[in-house]
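Student: So the sequence shown is numbered by this note's numbering: it starts at 275 and just counts up by one. We put the CB at the ideal spot given by N, CA and C, even for glycine. Let me give you the structure first, and then I'll get to my questions.
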Amino acid sequence: MTLAELENEKAESLKAIAAAADAAAVEALRVKYVGRNGSIPALIKAMKDVPKEERPAFGKAVQAWRAEVEGALAAKGAGAGGEKSVDADLTLPGRWRSLGVKHPLSRVIEETAAIFGHLGFTVADGPELENKFNNFTALNTPPHHPSMDRSDTFWFGDDCLLRTQTSPVQIRTMMANKPPVRVICPGRTYRRDTTDATHSANFHQIEGLYVDTKPVSLADLKSVLAYFAKEMMGDGVTVRFRPHFFPFTEPSVEVDFTCHVCKGRGCNVCKQSGWIEVAGAGMVDPRVFKFVGYDPEEVSGYAFGFGVERIAMIKYGIPDIRWLYENDVRFLSQLA
Ligand code: DAH
275 MTLAELENEK
285 AESLKAIAAA
295 ADAAAVEALR
305 VKYVGRNGSI
315 PALIKAMKDV
325 PKEERPAFGK
335 AVQAWRAEVE
345 GALAAKGAGA
355 GGEKSVDADL
365 TLPGRWRSLG
375 VKHPLSRVIE
385 ETAAIFGHLG
395 FTVADGPELE
405 NKFNNFTALN
415 TPPHHPSMDR
425 SDTFWFGDDC
435 LLRTQTSPVQ
445 IRTMMANKPP
455 VRVICPGRTY
465 RRDTTDATHS
475 ANFHQIEGLY
485 VDTKPVSLAD
495 LKSVLAYFAK
505 EMMGDGVTVR
515 FRPHFFPFTE
525 PSVEVDFTCH
535 VCKGRGCNVC
545 KQSGWIEVAG
555 AGMVDPRVFK
565 FVGYDPEEVS
575 GYAFGFGVER
585 IAMIKYGIPD
595 IRWLYENDVR
605 FLSQLA
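Quick look at the structure:
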């Protein structure tokens with residue numbers, strides 16, 4: 275193609291674009307001139323065949339043609355660079371996507387890890403599918419204990435079960451580490467419960483374990499749980515210990531917080547007692563130390579375990595445990 279021919283073609287192309295009646299015609303012309311197999315790219319590809327001395331002038335003319343054709347196409351509403359035109363008002367505000375909030379159970383677990391982190395505790399983990407030794411035997415739980423029963427626990431064969439508590443992580447931690455040991459263990463636990471406002475077959479616990487070669491006393495346990503209560507629930511909360519029995523602690527206690535609703539005066543939530551049961555705890559039984567290979571004459575320690583759902587329900591005033599699992603944004607967004 276000579277320069278003169280090129281100028282002719284250019285004039286013709288611009289006239290055609292100017293005359294294009296609708297978007298389809300503009301698009302057809304875009305394809306014809308600047309599309310991947312259009313005439314202008316073809317000319318650029320054929321540039322190597324143009325005699326060397328004519329090449330700069332010819333190249334310039336082709337680039338000028340392309341620029342003018344693109345300008346004319348854009349003026350007719352064709353998308354720049356060959357995209358389809360968009361019929362949209364780009365000045366409108368964008369579509370709002372609401373940000374999620376952290377689930378209350380995750381928040382309680384993370385806050386607990388932070389509170390105990392300040393006291394030097396680290397987070398330990400264990401599997402949800404446990405063996406009998408870790409979940410029961412090493413925790414000094416006798417075969418006649420009701421939690422061993424198939425009607426209370428999800429068994430898979432004789433030695434494998436969905437853990438009924440996070441306490442087996444105590445066993446795993448002690449078997450894998452020498453004292454001192456200072457851990458909390460958050461995680462899922464399972465029991466054959468029918469679901470109602472306060473029960474679920476799957477729920478979460480946080481276990482705590484402190485073992486040292488220095489003497490550890492019930493006073494240490496009490497002060498740590500009192501500190502935790504205030505950090506988690508606020509200054510107004512008081513902690514009460516009641517004697518209880520757990521196979522793996524001696525002595526054992528149950529731990530109550532003052533009722534968050536009535537502040538201890540007595541109401542329906544706390545069944546008029548002024549207290550809400552939150553945790554089980556106690557001094558680690560010497561027999562547990564023997565099971566994990568620690569010498570009970572050398573070490574002492576305390577352990578505790580509480581329900582994450584229970585804390586979340588008290589802290590956020592959630593009356594029904596099922597709300598924690600339904601993933602209903604109308605509920606969850608209220609806790610933002
Ligand atoms: N594992 C117990 C339960 O699920 C709770 C518990 C009680 C944990 C006393 C402990 C403890 O570590 O010392 O009911």
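1) Go ahead and pull the three-state DSSP assignment for A398.
2) When you compare only the Cα positions, how much space is there between V513 and V375?
3) At what residues does the alpha helix (DSSP H) containing N408 begin and finish?
4) Only counting the same chain, and skipping five residues up and downstream in sequence, which positions put a Cβ closer than 6 angstroms to that of K306?
5) When we look at the beta-carbon of G355 and count the other beta-carbons within 10 Å, is it buried (16 or more) or exposed?
6) May I have the straight-line CA-CA distance separating N414 from D509, to the nearest angstrom?
7) Just grab the DSSP bridge partners of P521 for me.
8) Please go through the same chain and pick out, in chain order, the residues whose beta-carbon is closer than 6 angstroms to the beta-carbon of K488, but skip the five residues on each side of it.
9) Which residues mark the beginning and the end of the alpha helix (DSSP H) in which W339 is found?
10) Looking at the secondary structure, which residues open and close the alpha helix (DSSP H) in which V562 lies?
11) When we look at the beta-carbon of M587 and count the other beta-carbons within 10 Å, is it buried (16 or more) or exposed?
12) Taking 7 angstroms as the cut-off, is the beta-carbon of S526 closer than that to any non-hydrogen atom of the ligand MG?
13) For I585 and A471, which I take to be in contact (beta-carbon distance under 8 angstroms), what is that distance rounded to the nearest angstrom?
14) Taking the alpha-carbon positions, what's the L288 to E342 distance?
15) Using the C-alpha atoms, what's the distance from T468 back to M448?
16) Considering only heavy atoms of the ligand DAH, does any lie closer than 7 angstroms to the CB of F515?
17) Could you compute how far the alpha carbon of A294 sits from the alpha carbon of R604?
18) Quick check on the burial criterion: 16 or more other C-beta atoms within 10 angstroms. Buried or exposed for F519?
19) Kindly indicate which three-state DSSP category D433 falls into: helix, strand or coil?
20) Could you check where the beta strand (DSSP E) with E283 kicks off and where it finishes?
21) Between F502 and the ligand DAH, is there a pair consisting of the residue's CB and a ligand heavy atom that are separated by less than 7 angstroms?
22) Give the secondary structure of R304 by DSSP, where H, G and I count as helix, E and B as strand, and everything else as coil.
23) Would you mind working out which of A316, F578 and H419 sits nearest L495, comparing C-alpha positions?
24) Confirm, please, whether the CB-CB distance from A398 to V566 is below 8 angstroms.
25) According to the neighbour-count rule (16 or more other Cβ atoms, all chains shown, within 10 Å of its Cβ), is I445 buried or exposed?
26) Can you list, in chain order, the residues of its chain with a C-beta nearer than 7 angstroms to that of E572? Leave out the 5 residues immediately preceding and following it.
27) Can you find at least 3 beta carbon pairs, one from the stretch 535 to 544 and one from the stretch 552 to 561, that sit closer than 8 angstroms?
28) Measure the CB-CB distance between L280 and W370 and report whether it falls below 8 angstroms.
29) So, at 8 angstroms on beta carbons, what are the nonlocal neighbours of E583 in its own chain, with the 5 sequence-adjacent residues on each side left out?
Tutor: Short version:
1) Taking the first residue of the sequence shown as 1, we reach residue 398 at position 124. Note: A398 maps to coil in three-state DSSP.
2) Locating residue 513 in the sequence shown gives position 239, counting from the first residue. Locating residue 375 in the sequence shown gives position 101, counting from the first residue. Distance between the alpha carbons of V513 and V375: 30 angstroms.
3) Translated into positions along the sequence shown, residue 408 becomes position 134. From DSSP, the alpha helix (DSSP H) with N408 extends over K406 to N409.
4) Walking along the sequence shown from the start, residue 306 turns up at place 32. Once the five neighbours on either side are set aside, the close Cβ partners of K306 are G312.
5) Taking the first residue of the sequence shown as 1, we reach residue 355 at position 81. Caution applies to G355, whose pLDDT of 48 falls short of 50 and renders its modelled position unreliable; the value that the coordinates give is listed next. G355 should be labelled exposed.
6) Taking the first residue of the sequence shown as position 1, residue 414 is located at position 140. Taking the first residue of the sequence shown as position 1, residue 509 is located at position 235. C-alpha separation (whole angstroms): 36 angstroms.
7) As a first step, residue 521 must be located in the sequence shown, where it is residue number 247. None, per the DSSP bridge assignment.
8) Within the sequence shown, the letter at position 214 stands for residue 488. Same-chain partners within the cutoff: there are none.
9) The residue labelled residue 339 in the question sits at position 65 within the sequence shown. From DSSP, the alpha helix (DSSP H) with W339 extends over R329 to A349.
10) One-based indexing of the sequence shown puts residue 562 at position 288. P560 to V566 is the span of the alpha helix (DSSP H), which, as asked, contains V562.
11) Within the sequence shown, numbered from 1, the residue matching residue 587 stands at position 313. Classification for M587: buried.
12) Questions concerning the ligand MG fall outside what the structure shown contains, since the ligands it does hold are the ligand DAH.
13) Against the sequence shown, residue 585 aligns to sequence position 311. Against the sequence shown, residue 471 aligns to sequence position 197. Wrong, their Cβ atoms sit about 16 angstroms apart, outside the cutoff.
14) As a position in the sequence shown, residue 288 is number 14, starting the count at 1. As a position in the sequence shown, residue 342 is number 68, starting the count at 1. Their backbone Cα atoms lie some 8 angstroms apart in a straight line.
15) The residue labelled residue 448 in the question sits at position 174 within the sequence shown. The residue labelled residue 468 in the question sits at position 194 within the sequence shown. If I take the Cα positions, the gap works out to 33 angstroms.
16) Within the sequence shown, numbered from 1, the residue matching residue 515 stands at position 241. Answer for F515: no, Cβ out of range of the ligand DAH.
17) Within the sequence shown, residue 294 is the residue found at index 20, counting from 1. Within the sequence shown, residue 604 is the residue found at index 330, counting from 1. Cα-Cα distance, rounded: 53 angstroms.
18) Sequence index remark: in the sequence shown, residue 519 carries index 245 (1-based). With fewer than 16 other Cβ atoms within 10 Å, it is exposed.
19) The residue you call residue 433 lines up with position 159 of the sequence shown. Coil at D433, not helix or strand.
20) Counted from its first residue, the sequence shown places residue 283 at position 9. Looking at the DSSP string, E283 is not in any beta strand (DSSP E); the run it does join, the alpha helix (DSSP H), is L277 to A293.
21) Along the sequence shown, one-based indexing puts residue 502 at 228. No - the ligand DAH has no heavy atom lying nearer than 7 angstroms to the Cβ of F502.
22) Counting from one through the sequence shown, the residue named residue 304 turns up at place 30. It is helical.
23) The residue you call residue 495 lines up with position 221 of the sequence shown. The shortest Cα separation from L495 among A316, F578 and H419 belongs to F578.
24) Start at 1 with the first residue of the sequence shown, and residue 566 comes out as number 292. Start at 1 with the first residue of the sequence shown, and residue 398 comes out as number 124. Cβ distance not < 8 angstroms, so V566 and A398 don't count as in contact.
25) As a working note, residue 445 is residue 171 in the sequence shown. Result: buried.
26) As a working mapping, residue 572 is identified with position 298 in the sequence shown. Taken in chain order, the residues that qualify are T487.
27) no
28) As a working note, residue 280 is residue 6 in the sequence shown. As a working note, residue 370 is residue 96 in the sequence shown. Going by C-beta atoms, L280 is not nearer than 8 angstroms to W370.
29) Numbered from its first residue, the sequence shown carries residue 583 at position 309. Contacts found: L379, S474, F477, H478, I595 and L598.
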